[in-house]
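Chains as they are written, first to last, in this note's numbering: chain S, 87 to 604; chain R, 404 to 550.
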């Protein structure tokens, strides 16, 4: 316990080094800009800027990526409130009440509420990060190779969870990713596999190139396919952004509830901020004393949605850091960043020198929330203008950054070509209802699972040798989790449908009441 | 069921066949793991075909082209070719010259105003120069013509 407290304290001291503070400020600003640009996602932003962190220390790099993640989730609310277009799917529910407030001339108040709720949602999510992550990390210490095999299988079953519409298509995408992960040198036999005469593929497909291609380049192609439209002009606002103490007291319980919802959804693999925002919004309406304001510009609705989607950030890091299971696309990209730094998610992150890095990142994650609040409140007006940037400008700008980013990894154009190929694959995958996050998860987890399986079978003293895979209680626990992993999307779908139905019913009921009173 | 899903399944079967053909050239021990994945992919694709047939009976068949209703082929392919040409150009003349040409060509093609083109060019290239060349020390491609 004392050791953990010492690590936590040391983490805060390390996190306030000027380079880390600079990374927080830069990352948060970049994240907010990406978030408020409709069409660009948090995963895309993190993938695109991943190569920028290569020369940084691991903790600084992770802090910067975490800041982009948090900034982007908050940034989506700016365009949702001012132009009724959510910058990211995580702000879809914010647009409902936020834009109504803008129409009533309360855009400043809506943005202020979004800022404050995002800050508290994100800050409170750090509590669970500090509390649960080391606990799960302790569990991961008991893992051997058979457990790692099942862990990767569990991660792959999550693929079904992150797949958008069809579970089978999600699993197909995952299997395709696994097949692609076999390209390169066989780790046990030492023979060349599927290298097609290219020595550059000796170490396999570079995960960063694949990430940039699947998330960023594919987004360029998505933007390129449709006619370029002029974005709506952001509403100019002059009202105060700060809430009164009475208003703060009103949204406090809403933020508390949304924190719990968002955190739990973040920890659950397969669910994400886009589900959390609707659930936070619906719960805010259920418990509100001013239900009649919902649908007409309720700041409690904005707070419910924004606190929930930002509470997802800390929660979603827990399974990724402790078990190496990224539950959604952004955490998959973050995990890619971790692996590139030579760090293996799991128990190793919580022991020895690496633990210092982990706790510096945790402390950084707490401080990022303060940067988000400050930059958000001060820069909302400027970000609103950036949000109008045309797709015509984004297409070449993002392309150039994709090229530079993928070139910077090994300083060769072969990686750029690989990134481009994955960009086209990512585009087709998205157009045909497959899942690029599943491909990425499989690319990351494939080598871990293969190593776990083949080493387990080699070391097995059982007859037949595969019985080693069922030899410990943790193996059985992971097998049960795999089954739950397959079943969870069905549960999530129902939860999502329920939340949307409740929202529809409430709006219909409000409309009825209004008709009667008129 | 969407007709386009038939094409998706066909591509997946082709991927299975191609990787299986390649895997057969590997030593026996090295074949096992990739073959297991190929078998899993084949089984999942067949399950998808089964689901598609069921859906076709239940809900009928749609073209699937509704997902492409905003698709502008001339714009998409022109931009895709420009991106591929950008890679080739970068190999020949290096990063900065190729980027200058690519960004200008793309923005002109998308009918962006001249003053905006100049600002975007300047902002983007200065950002890359300071962030990657100066800050990260990345030696960007010089091109075979200038190397």
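Even for Gly, the Cβ is constructed at its ideal location relative to N, Cα and C.
Quick caveat: nothing in here was measured; it's all calculated off a predicted structure.
Could you work out which residues of chain S lie near residue i, taking near to mean beta carbons separated by less than 9 Å?
{"i": "residue 534 (chain R)", "result": "138 and 490"}
{"i": "residue 549 (chain R)", "result": "What residue 549 (chain R) touches in chain S: nothing, since even the nearest Cβ is about 15 Å away."}
Please list the partners that residue i has in chain R, where partner means a Cβ-to-Cβ separation under 8 Å.
{"i": "residue 485 (chain S)", "result": "486, 489, 505 and 509"}
{"i": "residue 257 (chain S)", "result": "447"}
{"i": "residue 502 (chain S)", "result": "490 and 493"}
{"i": "residue 536 (chain S)", "result": "436"}
{"i": "residue 262 (chain S)", "result": "415, 418 and 444"}
{"i": "residue 497 (chain S)", "result": "541 and 542"}
{"i": "residue 265 (chain S)", "result": "418, 422, 437, 440, 441 and 444"}
{"i": "residue 506 (chain S)", "result": "486, 487 and 490"}
If you compare alpha carbons, which of the options is closest to residue i?
{"i": "residue 577 (chain S)", "options": "S:545, S:361, S:513 and S:200", "result": "S:361"}
{"i": "residue 299 (chain S)", "options": "S:557, S:225, S:105 and S:487", "result": "S:487"}
{"i": "residue 559 (chain S)", "options": "S:232, S:267, S:313 and S:552", "result": "S:232"}
{"i": "residue 497 (chain R)", "options": "S:499, S:401, S:557 and S:552", "result": "S:499"}
{"i": "residue 447 (chain S)", "options": "S:100, S:92, S:282 and S:91", "result": "S:100"}
{"i": "residue 143 (chain S)", "options": "S:582, S:423 and S:537", "result": "S:423"}
{"i": "residue 154 (chain S)", "options": "S:135, S:395, S:332 and S:145", "result": "S:135"}
{"i": "residue 405 (chain R)", "options": "R:459, R:471 and R:540", "result": "R:459"}
{"i": "residue 168 (chain S)", "options": "S:202, S:95, S:98 and S:472", "result": "S:472"}
{"i": "residue 309 (chain S)", "options": "S:555, S:258 and S:483", "result": "S:483"}
{"i": "residue 432 (chain R)", "options": "S:580, S:540, S:584 and S:591", "result": "S:540"}
{"i": "residue 28 (chain S)", "options": "S:379, S:152 and S:130", "result": "No statement about residue 28 (chain S) is possible, as the shown extent of chain S runs from 87 to 604 and does not include it."}
{"i": "residue 533 (chain S)", "options": "R:455, R:417 and R:437", "result": "R:437"}
{"i": "residue 419 (chain R)", "options": "R:407, R:451 and R:442", "result": "R:442"}
{"i": "residue 238 (chain S)", "options": "S:564, S:389 and S:590", "result": "S:564"}
{"i": "residue 27 (chain S)", "options": "R:546, R:531, R:521 and R:462", "result": "Examination of residue 27 (chain S) is not possible in this model, given that chain S is present from 87 through 604 alone."}
{"i": "residue 271 (chain S)", "options": "S:287, S:147 and S:426", "result": "S:287"}
Output, in chain order, the set of chain S residues within a Cβ distance shorter than 8 Å of residue i.
{"i": "residue 417 (chain R)", "result": "What residue 417 (chain R) touches in chain S: nothing, since even the nearest Cβ is about 12 Å away."}
{"i": "residue 531 (chain R)", "result": "486, 487 and 490"}
So with CB distances below 9 Å, who are the chain R contacts of residue i?
{"i": "residue 494 (chain S)", "result": "535, 539, 541 and 543"}
{"i": "residue 141 (chain S)", "result": "538, 539, 540 and 541"}
{"i": "residue 427 (chain S)", "result": "Neighbours of residue 427 (chain S) on chain R: none; closest Cβ ~15 Å, over 9 Å."}
{"i": "residue 119 (chain S)", "result": "Residues of chain R passing the Cβ test: none, with the nearest at roughly 12 Å."}
Quick one: is residue i buried, meaning 16 or more other Cβ sit within 10 Å of its Cβ, or exposed?
{"i": "residue 156 (chain S)", "result": "buried"}
{"i": "residue 276 (chain S)", "result": "exposed"}
{"i": "residue 255 (chain S)", "result": "buried"}
{"i": "residue 477 (chain S)", "result": "buried"}
{"i": "residue 487 (chain R)", "result": "exposed"}
{"i": "residue 429 (chain R)", "result": "buried"}
{"i": "residue 292 (chain S)", "result": "buried"}
{"i": "residue 201 (chain S)", "result": "buried"}
{"i": "residue 548 (chain S)", "result": "exposed"}
{"i": "residue 424 (chain R)", "result": "exposed"}
{"i": "residue 221 (chain S)", "result": "exposed"}
{"i": "residue 561 (chain S)", "result": "buried"}
{"i": "residue 410 (chain R)", "result": "exposed"}
Just the chain S side, please: which residues come within less than 7 Å of residue i by C-beta, in chain order?
{"i": "residue 469 (chain R)", "result": "Chain S residues near residue 469 (chain R): none, gap ~11 Å exceeds 7 Å."}
{"i": "residue 429 (chain R)", "result": "277 and 279"}
{"i": "residue 424 (chain R)", "result": "Result: empty, since nearest Cβ-Cβ is about 11 Å, beyond 7 Å."}
{"i": "residue 482 (chain R)", "result": "310 and 481"}
{"i": "residue 433 (chain R)", "result": "272, 275, 277 and 279"}
{"i": "residue 407 (chain R)", "result": "518"}
{"i": "residue 527 (chain R)", "result": "483 and 486"}
Skipping 5 residues on each side, what residues in its chain have a beta carbon closer than 8 Å to that of residue i?
{"i": "residue 115 (chain S)", "result": "157, 461 and 465"}
{"i": "residue 189 (chain S)", "result": "383"}
{"i": "residue 441 (chain S)", "result": "93 and 435"}
{"i": "residue 527 (chain R)", "result": "502 and 506"}
Give the interface partners of residue i over in chain R, defined as CB-CB distance under 7 Å, in chain order.
{"i": "residue 332 (chain S)", "result": "Those do not exist, as residue 332 (chain S) stays about 44 Å from chain R at its closest Cβ, beyond 7 Å."}
{"i": "residue 314 (chain S)", "result": "513"}
{"i": "residue 132 (chain S)", "result": "Near residue 132 (chain S) there are no residues of chain R at all, since even the closest Cβ is about 16 Å away, more than 7 Å."}
Under 7 Å from any heavy atom of the ligand SAM, does the C-beta of residue i make it?
{"i": "residue 460 (chain R)", "result": "With respect to small molecules bound, the structure shown includes none, and the ligand SAM cannot be examined in it."}
Looking only at its own chain, which residues have a Cβ that is under 7 Å from the Cβ of residue i, when we skip the five neighbours before and after it?
{"i": "residue 489 (chain R)", "result": "501 and 505"}
{"i": "residue 121 (chain S)", "result": "128, 157, 158, 159, 160, 161, 162, 173 and 174"}
{"i": "residue 418 (chain S)", "result": "412, 523, 526, 527 and 530"}
{"i": "residue 78 (chain S)", "result": "There is no way to answer for residue 78 (chain S), as the model of chain S reaches only from 87 to 604."}
Please work out which residues of its chain come closer than 6 Å, Cβ to Cβ, to residue i, disregarding the five sequence neighbours upstream and downstream, and give them in chain order.
{"i": "residue 538 (chain S)", "result": "231, 234 and 235"}
{"i": "residue 395 (chain S)", "result": "159, 176, 359, 362 and 363"}
{"i": "residue 588 (chain S)", "result": "368"}
Item checked: Within 8 Å of chain S by C-beta, residues of the stretch 498 to 521 of chain R in sequence order -> 498, 502, 505, 506, 509, 510, 513, 514, 515 and 519
Checklist line | Contact set between the stretch 440 to 463 of chain R and chain S, restricted to residues whose Cβ is under 8 Å from the partner | finding: 440, 441, 443, 444, 447, 448, 450, 451 and 454
Item checked: Interface residues of the stretch 451 to 479 of chain S facing chain R [CB-CB below 9 Å] -> 476, 477, 478 and 479
Note to self: Beta carbons nearer than 9 Å to chain R: which residues of the stretch 514 to 529 of chain S have them?
What the structure shows: 514, 517, 518, 519 and 520
Check: In chain order, what residues of the stretch 539 to 572 of chain S put their CB closer than 8 Å to some CB of chain R?
Finding: 539 and 540
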